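Participant:
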Amino acid sequence: MKKRSKGQQLIAASCLAAMAYSALYLLLRPQLPGQLVRHAGTDGAGYGPTWLVVLVIGAAGTLSIAIGIIAYRDFTSLGHWNPGPKSIVVCFLAAGFGILGLGAAMLLAAMGEDAAQQGTLPIGMGLLGLIGVFALSASLLAKALPQAEQESLDA
Numbered sequence: 000m001k002k003r004s005k006g007q008q009l010i011a012a013s014c015l016a017a018m019a020y021s022a023l024y025l026l027l028r029p030q031l032p033g034q035l036v037r038h039a040g041t042d043g044a045g046y047g048p049t050w051l052v053v054l055v056i057g058a059a060g061t062l063s064i065a066i067g068i069i070a071y072r073d074f075t076s077l078g079h080w081n082p083g084p085k086s087i088v089v090c091f092l093a094a095g096f097g098i099l100g101l102g103a104a105m106l107l108a109a110m111g112e113d114a115a116q117q118g119t120l121p122i123g124m125g126l127l128g129l130i131g132v133f134a135l136s137a138s139l140l141a142k143a144l145p146q147a148e149q150e151s152l153d154a
């Protein structure tokens, strides 16, 4: 059996993450309120249709992951795999996974109750999900991606 390259593994993991987020929404959809809090500020909470909030979060996460994958392929194909470019790739990918974690945590926090009863709880839980998934995925990606070459300061 042929071993997949790091780029192929990255694409596969990203697709699985996006599919898991979509599957979670479809699984929880009957238990979710029609409106989901999308904004919490000094003027109070703002609500939007649950499907739209889920779609926007999924699109933002997927876009960030796509930028990370494109940057990874670009930097490695050009031979610029140094600590700076690697950190850019790790940050974009981890941000994308973190955004999907934000959406998943919001969905889990919102199930079963009316949006008005929950208040801003889904946003708070979503932010915890974002931070947790970002930190975990950044650590794993920094270890899993190929080691960066040291830059030479010689001109």
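No gaps in the numbering here: position 87 of the sequence shown is 86 in numbering that gives the first Met the number 0, and each next residue is one more.
Backbone N, C-alpha and C define an ideal beta-carbon position, used for all residues, glycine too.
In this text, all values refer to a predicted model and were calculated from it rather than measured experimentally.
Going by alpha carbons, who is nearest to residue 60 out of 133, 138, 31?
Facilitator: Nearest option by C-alpha distance: 133.
Participant: If I measure Cβ to Cβ from residue 13 and keep anything under 6 Å in the same chain, skipping five residues before and after, which residues do I get?
Facilitator: 64.
Participant: Apart from the five residues just before and just after residue 233, which ones in its own chain have a Cβ nearer than 7 Å to its Cβ?
Facilitator: No answer is possible for residue 233: the residues shown for the chain start at 0 and end at 154.
Participant: Closest to residue 99 by C-alpha separation, out of 11, 20, 40, 4, would be which residue?
Facilitator: Out of 11, 20, 40, 4, 20 has the C-alpha closest to the C-alpha of residue 99.
Participant: Once you ignore the five residues that flank residue 136 on each side, which residues in its own chain have a CB closer than 6 Å to its CB?
Facilitator: Within the same chain, residue 136 has close Cβ partners 93, 96.
Participant: What residues are listed by DSSP as bridge partners for residue 46?
Facilitator: Partner(s): 36.
Participant: Since I believe residue 26 is in contact with residue 89 (beta carbons under 8 Å), could you give me their beta-carbon distance rounded to a whole number of angstroms?
Facilitator: At roughly 30 Å, the Cβ-Cβ gap does not stay under 8 Å, so residue 89 and residue 26 are not in contact.
Participant: With 16 other CB atoms within 10 Å as the buried threshold, where does residue 49 fall?
Facilitator: When all chains shown are included, residue 49 counts as buried.
Participant: Between which two residues does the alpha helix (DSSP H) holding residue 147 run?
Facilitator: Run containing residue 147: none; DSSP gives neither H nor E here.
Participant: If you run the structure through DSSP and keep just helix, strand and coil, what is residue 41?
Facilitator: It is coil, neither helix nor strand.
Participant: Provide the residue span of the alpha helix (DSSP H) that contains residue 5, from first to last.
Facilitator: Element bounds for residue 5: 5-27.
Participant: On the three-pair Cβ rule with 8 Å, is the stretch 101-114 touching the stretch 51-60?
Facilitator: Yes, they touch.
Participant: Report the three-state DSSP secondary structure of residue 111 (helix, strand or coil).
Facilitator: Looking at residue 111 - three-state DSSP - the assignment turns out to be coil, as it is neither helix nor strand.
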